[in-house]
Amino acid sequence: MRVPAWTAAGWTRHAATAAGLTALSVVAYLLLKGVQGDRGQVVLLVVVWAIALTGLNLITGLGGYPSLAHVSFFGGGAYLSAYLLGKGLPMALCALLAVGGTMLAGLVVALVFSRTRGQYFAIGTMFFTAVTNLVLTNAADVTGGPNGRPVDLGFSLDTTLVLLAASLGLSLGAFYALSRSRFGDRLRAIREDEDLAQHVGVPTARVMLIAMVVSSAFGAWAGVLFAQYNGVIAPSQFTFVQGFLMLVAIGLGGGGRLLAPLVGSAVVIGFTQLIKLGPGVSQIVLGVLFILVTLLVPNGILGGITALRRRPRPTAPDVPAPAPARAKEVAS
Amino acid sequence: MTALLTVDNVVKRYGGLAAVDGVSFTLDAGGVLGLIGPNGSGKTTLLGVLAGTHDPTAGTVTLDGRVASGRGAHRAVRAGIARTFQTTRLFGTWTLRDSLRLARGEVKGRTSAASDDDIADLLGLDGLLDRPCGALTSAAQRLAMIALALATGPRVLLLDEPAVGMDTGESAALAAAVRRVADRLGVAVVVVDHNMHFLMPLADRVLVMAAGAVLAAGTPEEIRADEAVIASYLGGA
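Note that the protein sequences, when read in sequence, are chains A and B.
Mapped onto UniProt numbering, the consecutive letters of the first sequence carry residue numbers 1 to 332.
Mapped onto UniProt numbering, the consecutive letters of the second sequence carry residue numbers 1 to 237.
Pasting the structure below:
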């Protein structure tokens with residue numbers, strides 16, 4: 001449960017978190033600016049995914065609903081902003097409409113699947129992503145078809161980098177605030193036991209609906225920035241497999257934890273982009289790693305680290321151990 | 001004076017099966033109603049209708065003259081009807097105090113009669129508020145479920161087999177705790193249980209269900225002497 005906000009300990013923690021996230025944004029900017037080539041692309045993807053996954057961390061990490069629709073919101077932001085920009089609208093308005101339109105899609109998904117839970121919710125959202133990807137692939141006039149479409153430059157490169165770095169800190173900050181609010185408590189209660197949550201008065205359907213819509217906004221904004229940086233977007237970047245990898249990233253990082261999106265993104269992107277094990281092999285290795293983490297540290301990498309730090313240290317025994325000489329005597 | 005809780009001809013059908021078939025009763029503040037009957041007689045389904053878990057097919061549940069049925073579980077809680085479950089259900093990784101805080105926060109508009117410490121005192125959970133619910137003993141967890149329901153400041157408390165798994169001493173302590181809740185907080189309590197040694201001394205009135213309908217209703221003494229109830233359920237108990 002959260003640290004109460006109106007205590008000295010609470011304020012100290014909030015201030016430390018704000019300072020840490022500001023520092024993280026600065027480091028992200030320096031890395032985005034300084035690292036070039038393939039590794040630069042990896043840094044970009046880690047930052048973009050971390051922003052997008054912060055939304056998924058709300059619905060899946062805190063709320064316990066395994067959403068495979070998140071990659072569609074990510075793609076929705078990218079495609080909508082690119083399409084509107086192509087129509088000559090100002091970039092700020094394009095971004096706003098792209099995020100708003102995607103939130104509307106999030107609302108529809110939430111309403112359609114409001115009566116499903118667990119694996120049924122996952123299957124439902126997986127089909128949403130499959131259908132979205134089919135539309136992106138086949139509506140060639142608008143989306144450019146399977147080869148994708150170019151994205152006009154709305155923000156300058158430096159503005160995009162600043163926005164990416166700032167969005168990382170701000171997204172995580174927003175998650176921190178939400179997770180420590182009553183809304184965050186309600187989501188945790190739903191994850192623990194949704195029926196019980198209802199019977200202590202939590203309007204679970206409404207809470208999950210809001211979580212889905214808010215979550216889609218993070219995904220869409222990340223999509224807008226991704227499209228701006230990348231310059232080209234294609235349906236292959238927003239497939240069901242990518243959606244599943246996003247879910248894996250949250251699980252690996254430690255669902256519901258503040259830095260889970262960043263840690264999860266770093267591991268998943270690192271495996272798929274940096275370790276060249278051949279087509280598909282890195283994903284198999286990633287799958288094995290996911291199984292191992294799930295079995296050995298069910299709360300993810302960050303959960304495992306927290307558990308290690310909280311493990312009581314062995315203390316010196318009060319009674320001295322028997323002397324070896326005595327042991328020998330007994331043995332003889 | 002009108003009753004606090006009025007259950008009027010409630011029916012709950014699943015296809016052709018009437019799990020609850022025209023049940024009616026009233027309950028006053030501070031009263032304890034025992035609900036007994038064989039397995040499958042509709043007790044838990046009736047509790048579900050009262051708690052808003054299930055919508056009734058017909059009939060109404062009114063609390064203080066206002067319709068409280070068919071509006072969903074969270075609205076029933078906000079109206080003043082709280083429940084516990086047959087199996088232990090708690091937010092296992094949370095402390096009991098955190099769980100109570102969440103429940104209290106959901107009914108902000110309605111002042112809860114008892115503080116966390118009052119609830120712990122009433123139920124004999126002193127010293128356990130700051131422990132994770134999952135780490136409590138089985139009997140303490142059953143009491144913690146009641147504590148969680150009480151934190152919503154209910155006017156009607158529905159207990160579904162609260163004494164299951166308890167030994168004689170624990171169920172006697174539970175009966176005393178439930179009586180304290182009814183007497184001190186003025187909460188009307190509906191208790192479903194198969195343990196007659198626990199239920200009969202606790203209940204002011206008993207309703208016997210069979211095949212979804214009311215078989216008999218009366219004081220525990222009247223029920224014990226009812227031939228139809230003895231034949232269909234109590235036997236020599």
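Here a beta-carbon is modelled for each residue, glycine too, at the ideal position from N, C-alpha and C.
State yes or no: is the beta carbon of residue i nearer than 7 Å to at least one beta carbon in chain B?
| i | result |
| --- | --- |
| A:Val-3 | Caution applies to A:Val-3, whose pLDDT of 48 falls short of 50 and renders its modelled position unreliable; the value that the coordinates give is listed next. It does not; no Cβ of chain B falls within 7 Å. |
| A:Asp-185 | yes |
| A:Val-330 | Its pLDDT being 37, under 50, A:Val-330 is placed unreliably in this model, and the value from its coordinates should be taken loosely. Chain B contact via Cβ: absent. |
| A:Ala-307 | no |
| A:Gly-10 | no |
| A:Arg-182 | yes |
| A:Glu-192 | yes |
| A:Leu-196 | yes |
| A:Pro-324 | At A:Pro-324 the pLDDT is 43, less than 50, meaning the model places this residue with poor confidence and gives no usable figure here. |
CB residue i to CB residue j, shorter than 7 Å?
| i | j | result |
| --- | --- | --- |
| B:Ala-147 | B:Leu-123 | yes |
| B:Val-11 | B:Ala-68 | no |
| A:Gly-231 | A:Ile-250 | no |
| B:Val-32 | B:Leu-46 | no |
| B:Met-209 | B:Gly-16 | no |
| B:Ala-130 | B:Thr-93 | Just to set this straight, residue 130 of chain B is Asp in the shown sequence, not Ala. No. Outside cutoff. |
| A:Ser-67 | A:Ala-227 | no |
| A:Met-246 | A:Ala-110 | no |
| residue 353 of chain A | A:Ala-177 | One cannot answer for residue 353 of chain A here, as it falls past the ends of chain A, which runs 1 to 332. |
| B:Val-156 | B:Ile-81 | yes |
| A:Gly-253 | A:Leu-302 | yes |
| residue 335 of chain A | A:Leu-32 | As shown, chain A starts at 1 and ends at 332. That puts residue 335 of chain A outside it, with no answer to give. |
| B:Pro-220 | B:Val-206 | yes |
| A:Ile-51 | A:Ser-179 | no |
| A:Tyr-29 | A:Ala-122 | no |
| B:Val-181 | B:Val-187 | yes |
| A:Gln-198 | B:His-194 | no |
By a C-beta neighbour count over all protein chains shown, 10 Å radius and 16 as the cutoff for buried, is residue i buried or exposed?
| i | result |
| --- | --- |
| B:Glu-106 | buried |
| A:Gln-237 | buried |
| A:Leu-157 | exposed |
| A:Glu-194 | buried |
| A:Leu-56 | buried |
| A:Asn-133 | buried |
| A:Trp-11 | exposed |
| A:Ile-291 | exposed |
| B:Arg-66 | exposed |
| B:Thr-167 | A small correction: the amino acid at residue 167 of chain B is Asp; Thr does not occupy that position in the sequence shown. Exposed is the call here. |
| B:Val-61 | buried |
| B:Tyr-14 | exposed |
| B:Val-77 | buried |
| A:Leu-45 | buried |
| A:Arg-186 | buried |
| A:Ile-284 | exposed |
| A:Ala-19 | exposed |
Would residue i pass as an interface residue toward chain A - the criterion being a Cβ-Cβ separation below 7 Å?
| i | result |
| --- | --- |
| B:Thr-152 | yes |
| B:Val-77 | yes |
| B:Ala-114 | no |
| B:Ala-18 | no |
| B:Ala-73 | yes |
| B:Leu-158 | no |
In chain B, what lies closer than 8 Å to residue i by C-beta?
| i | result |
| --- | --- |
| A:His-14 | None at all; the shortest Cβ gap to chain B is about 19 Å. |
Taking Cβ-Cβ distances shorter than 8 Å, what residues in chain A pair up with residue i?
| i | result |
| --- | --- |
| B:Ala-211 | What B:Ala-211 touches in chain A: nothing, since even the nearest Cβ is about 27 Å away. |
| B:Val-107 | Gly-201 |
| B:Arg-83 | His-199 |
Could you name the residues of chain B that residue i contacts, counting a contact when the two beta carbons are closer than 7 Å?
| i | result |
| --- | --- |
| A:Ala-189 | Phe-91 and Leu-102 |
Mind pulling the chain A residues with CB within less than 7 Å of residue i?
| i | result |
| --- | --- |
| B:Leu-148 | Val-200 |
Cβ-heavy atom distance between residue i and the ligand HEM below 6 Å?
| i | result |
| --- | --- |
| A:Gly-264 | The ligand content of the structure shown is nil, which means the ligand HEM is not present either. |
If we cut at 7 Å on Cβ distances, does residue i have a partner in chain C?
| i | result |
| --- | --- |
| A:Lys-87 | Looking at the structure shown, chain C is missing, and the protein chains on hand are A and B. |
What residues from the stretch 36-60 of chain B come within 8 Å of chain A, judged by C-beta to C-beta, listed N to C? Ala-51 and Thr-53
Using a beta-carbon distance cut-off of less than 9 Å, what residues from the stretch 186-215 of chain B approach chain A? none
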